[in-house]
Structures are given as C-alpha cells and as structure tokens.
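Numbered per my numbering, the sequence shown spans residues 14 to 410.
Glycine included, each C-beta is placed from N, C-alpha and C at the ideal position.
Since the model is a prediction, treat every value here as computed from it, not as a measurement.
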Amino acid sequence: MNIHEYQAKELFKEFGIAIPNGVAVKSENEFDSAIASLNGDLIVVKSQIHAGGRGKGTFVDGFQGGVKLASKAEAAGIAKKMLGNTLVTKQTGPAGRQVGTVYFTEASDIAKEYYLSLLIDRSTGKVAIIASTAGGMDIEKVAEETPEQIMKMIVDADIGLQPFQVRKLGFFLGFGAKELMKQWTAIIKGLYKLFWTKDCSMVEVNPLILTEDNRILALDAKVSFDDNALFRHPEILELRDPHEEDPKEIEASKFGLNYIALDGNIACMVNGAGLAMSTMDIIKHFGGNPANFLDVGGGANEEAITQAFNILLKDKNVKGILVNIFGGIMRCDVIAAGVIAAVKNVGLTLPLVVRLEGTNVEIGRKMLAESGIKLTTADSLADAAEKIVKIVAEENK
Numbered sequence: 014m015n016i017h018e019y020q021a022k023e024l025f026k027e028f029g030i031a032i033p034n035g036v037a038v039k040s041e042n043e044f045d046s047a048i049a050s051l052n053g054d055l056i057v058v059k060s061q062i063h064a065g066g067r068g069k070g071t072f073v074d075g076f077q078g079g080v081k082l083a084s085k086a087e088a089a090g091i092a093k094k095m096l097g098n099t100l101v102t103k104q105t106g107p108a109g110r111q112v113g114t115v116y117f118t119e120a121s122d123i124a125k126e127y128y129l130s131l132l133i134d135r136s137t138g139k140v141a142i143i144a145s146t147a148g149g150m151d152i153e154k155v156a157e158e159t160p161e162q163i164m165k166m167i168v169d170a171d172i173g174l175q176p177f178q179v180r181k182l183g184f185f186l187g188f189g190a191k192e193l194m195k196q197w198t199a200i201i202k203g204l205y206k207l208f209w210t211k212d213c214s215m216v217e218v219n220p221l222i223l224t225e226d227n228r229i230l231a232l233d234a235k236v237s238f239d240d241n242a243l244f245r246h247p248e249i250l251e252l253r254d255p256h257e258e259d260p261k262e263i264e265a266s267k268f269g270l271n272y273i274a275l276d277g278n279i280a281c282m283v284n285g286a287g288l289a290m291s292t293m294d295i296i297k298h299f300g301g302n303p304a305n306f307l308d309v310g311g312g313a314n315e316e317a318i319t320q321a322f323n324i325l326l327k328d329k330n331v332k333g334i335l336v337n338i339f340g341g342i343m344r345c346d347v348i349a350a351g352v353i354a355a356v357k358n359v360g361l362t363l364p365l366v367v368r369l370e371g372t373n374v375e376i377g378r379k380m381l382a383e384s385g386i387k388l389t390t391a392d393s394l395a396d397a398a399e400k401i402v403k404i405v406a407e408e409n410k
C-alpha cells in the first residue's frame, strides 16, 4: 500500500526525521490560511498523487509541472490550476491521476542533494540501505552510469542498525563534521525505526538535502507498506486513498485475493503468483492480451471464487476468462465445485476455459463435464491459453 508525500512526511515527523514545514489542503478555501502559516517568501506547491515524476509531469489542460516554486502571492493561483486537475507523468500512464490534495511547503536553500532509501534485499532477506551522493535523479540511471556514487549497506534485523554502519554511510555522504553527523544519525535511525515499526516495504527520500545553513532535511518522502502486515496497523489503513487505486483491487483485497488490472481482454484466475505470471506470459505467446493478474491463493473457497468472477466481470474490456488451477494444497474437486457455483451465481455469459491439474483432478474434470455450464476444458496450460485466445479472437471478429 502506498501513501501520499504529505502523509509520509507526518510519519517522518513522528520518528524524528527533519522535514521542511508544510500544510496539505483539499479545498481552495484553505489555500490562503495554509500559505500564510508558512515562513519565508517562497513556497513549493506540490500535487499529491501516487506517482513519481510529478515535477516533469503535464496536466491534461496543458499546464506544466506538478511541483512548482512560487512566491507567496503566486502560490494560491498555481494551486488552483492543480487541484482537481489530472496530472500525467511517466508513471501514471496516459490516463493520468486526478489531484485531490495540494501540499504547500517552505522552500529550502539547497547546497547539495542526496538519495536515500530502505528496502528489503531479496537476495539476503535483510534490510538494504541505499545511499547516493547523486540525489534528485533516477537511482537506476545513477547505478548504471556512475555506480561509485552509490553505497549499499545490508542490515541484519537480529542485531539492528549498528553505529559503525551509521558512521560509514555518513562519511560516504560527506556528513563527517560533528554537527552534520549528529543530524544524519537522527535521520537514519528514525528511518530505520519507521521501516520496522510500521512494516514498510520501502522508505525513500529523494532528495535528502543539505541546506546552505547546514541542515539535513528530507525534501521528499515516499513510503510503501507490506499489504500482508496491514492488519497490525489500522492507523496506516486509515491513510489509504481509494481514489488512487483501482476499485477492483480494493474489493479483491477484502476477500484475500491478489488482483492487478491490466489493459488486455482475457481475464485470468490462477492459484499462485508464479503460475499467474506464467499464465499471462503464455497468453501473450499465443497472441492474446491478459486483462489482469489474479491470484486466488491456496485456500480459496466458493465465496472467494464467486467474488473473483464478480471482480473480473467488472472490467468491461474482458471478453473471455481462463481459469488455471494447480491443485496441491487445494483439491481440484473443491475448485471445480467453486467454479460451477460461481458461474451459476454470477450468470456468466463470456467464454470460459478451465484447466485443472493436481490432486483429485479426474473428479474435478468430471464435475465440470457434468455441471451443465458452458465452458471449455483444457489438458495443459498451453492448450488452455491457445483455446481462450482463439475463442476470443473468433467472437470478436
């Protein structure tokens, strides 16, 4: 789960991480009071959407930039052009995202920019701290072109962030002076504590800055949370912005289903993330386009499968459905019963191809054959993908 920058900044303050003062507003009536509450003559006006590249983005009406530096006199006028408008960046796709909140912050005199993030290193299962002397840039580009500007520090959760690691990172970034090291220590310890306390999957500051008067500040903030741990954090769930997520994805999460919408026309229902990825790949191989990623998991019951069909059918682009189940923990006869009941409950009229394999597969296939519902069975994943692609293509000529 992602949150907005202004929400992440509130968490930063809670954990003692220095940030510029700022105020988030959702209505034009709040603009003047918010701007007046900030110090200095210059204000940064920031559109709040769940996407990067806001500063280089373009609004659908042609207004350029979702992050603007302005005088206090200009700030409200700029904010009016952003609020309610749709911002398009490299990460939003052509549809863009509507701006529901504008964030005003005090401008900072930047002497140097840095990059900093904490995330799980998949190869070790430990926390990786990524620090770079090249902030405000695409970290992947920095890693490719100037890897010497990046330091990666692995932290063992059993012993936590050690003082020598804090100092090593600090010296690498140029914070060797006593006062700077003190500020740096507070920031990196706060970020590490935030990461573990709130079950984050990523915390990113880009840029972290050193000001002209030697203050280290988190100028931007991006925080993502582990969806599987949200049950422990109702206070984080309250930060969820449903306008930033596909309603189908939110609905799926209520039933323990992992759903991500895509732009194709062949819906997939699969158990297991790896199998789901393979299913999408093979649909593409045979010339089709998957409409979604949907993992029903290993313990799906009739209700979950029914809800899965309901969610798939909410996508108006869907012209056919492929159910691909490998029955290991989940028996094929249980899945067959769920599919039969779900198809009858939702009144499915779209083409349906079902491939079952694994425990009690013969019983499951027999149940499908004798169910009376209209479907096509397949003996293998390749057979299933080829059949659904062909059926959808023929029905949409």
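Using DSSP with H/G/I as helix, E/B as strand and the rest coil, what is residue i?
{"i": "Thr198", "result": "helix"}
{"i": "Phe238", "result": "strand"}
{"i": "Gln162", "result": "helix"}
{"i": "Pro260", "result": "helix"}
{"i": "Gln178", "result": "helix"}
{"i": "Thr137", "result": "coil"}
{"i": "Phe188", "result": "coil"}
{"i": "Asp308", "result": "strand"}
{"i": "Lys154", "result": "helix"}
{"i": "Arg67", "result": "helix"}
{"i": "Phe208", "result": "helix"}
{"i": "Asn337", "result": "strand"}
{"i": "Asn15", "result": "strand"}
{"i": "Ile386", "result": "coil"}
{"i": "Gly371", "result": "strand"}
{"i": "Leu363", "result": "coil"}
{"i": "Lys94", "result": "helix"}
{"i": "Lys125", "result": "strand"}
{"i": "Phe244", "result": "helix"}
{"i": "Ala391", "result": "strand"}
{"i": "Lys332", "result": "coil"}
{"i": "Ala147", "result": "coil"}
{"i": "Gly173", "result": "coil"}
{"i": "Gly183", "result": "helix"}
{"i": "Gly53", "result": "coil"}
In the DSSP assignment, what residue or residues form a beta bridge with residue i?
{"i": "Lys81", "result": "Val58"}
{"i": "Gly377", "result": "Per DSSP, none; premise fails for Gly377."}
{"i": "Arg110", "result": "Leu100"}
{"i": "Tyr116", "result": "Ala37 and Lys59"}
{"i": "Ile273", "result": "Phe306"}
{"i": "Ile167", "result": "Ala141"}
{"i": "Leu131", "result": "Ile142 and Val216"}
{"i": "Phe72", "result": "Leu100"}
Assuming residue i is part of the alpha helix (DSSP H), what are its boundary residues?
{"i": "Lys403", "result": "Leu394 to Glu408"}
{"i": "Gly351", "result": "Cys345 to Val359"}
{"i": "Ile48", "result": "Phe44 to Ala49"}
{"i": "Pro286", "result": "For clarity, residue 286 is Ala in the given sequence; the question names Pro instead. Ala286 to His298 is the span of the alpha helix (DSSP H), which, as asked, contains Ala286."}
{"i": "Glu248", "result": "Pro247 to Leu250"}
{"i": "Ile30", "result": "Neither: Ile30 is in no alpha helix (DSSP H) and is coded neither H nor E."}
{"i": "Asn323", "result": "Glu315 to Leu326"}
Quick check on the burial criterion: 16 or more other C-beta atoms within 10 angstroms. Buried or exposed for residue i?
{"i": "Val73", "result": "exposed"}
{"i": "Ser121", "result": "buried"}
{"i": "Asn337", "result": "buried"}
{"i": "Gln104", "result": "exposed"}
{"i": "Phe244", "result": "exposed"}
{"i": "Ser50", "result": "exposed"}
{"i": "Ala395", "result": "exposed"}
{"i": "Glu161", "result": "exposed"}
{"i": "Ala391", "result": "buried"}
{"i": "Leu186", "result": "buried"}
{"i": "Arg110", "result": "buried"}
{"i": "Gln320", "result": "buried"}
{"i": "Arg135", "result": "exposed"}
{"i": "Ala108", "result": "exposed"}
{"i": "Asp240", "result": "exposed"}
{"i": "Pro176", "result": "exposed"}
{"i": "Asp233", "result": "buried"}
Could you give the residue range of the beta strand (DSSP E) that holds residue i?
{"i": "Pro303", "result": "Looking at the DSSP string, Pro303 is not in any beta strand (DSSP E), and its letter there is neither H nor E."}
{"i": "Ala231", "result": "Ile229 to Ala231"}
{"i": "Pro220", "result": "Cys213 to Thr224"}
{"i": "Ala280", "result": "Ile279 to Val283"}
What distance in whole Å lies between the Cβ atoms of residue j and residue i, which are believed to be in contact at a cut-off of 8 Å?
{"i": "Ala83", "j": "Val58", "result": "6 Å"}
{"i": "Ala280", "j": "Ile334", "result": "5 Å"}
{"i": "Ala21", "j": "Ile200", "result": "Between Ile200 and Ala21 the Cβ distance is about 14 Å, and since that is not below 8 Å, they are no contact."}
{"i": "Ile62", "j": "Leu100", "result": "6 Å"}
{"i": "Lys297", "j": "Val405", "result": "So it is not a contact: roughly 13 Å between Cβ atoms."}
{"i": "Ala144", "j": "Tyr128", "result": "7 Å"}
Is it the case that the CB of residue i approaches a heavy atom of the ligand FMN more closely than 7 Å?
{"i": "Ile142", "result": "What this structure holds is no ligand at all, so the ligand FMN is not there to describe."}
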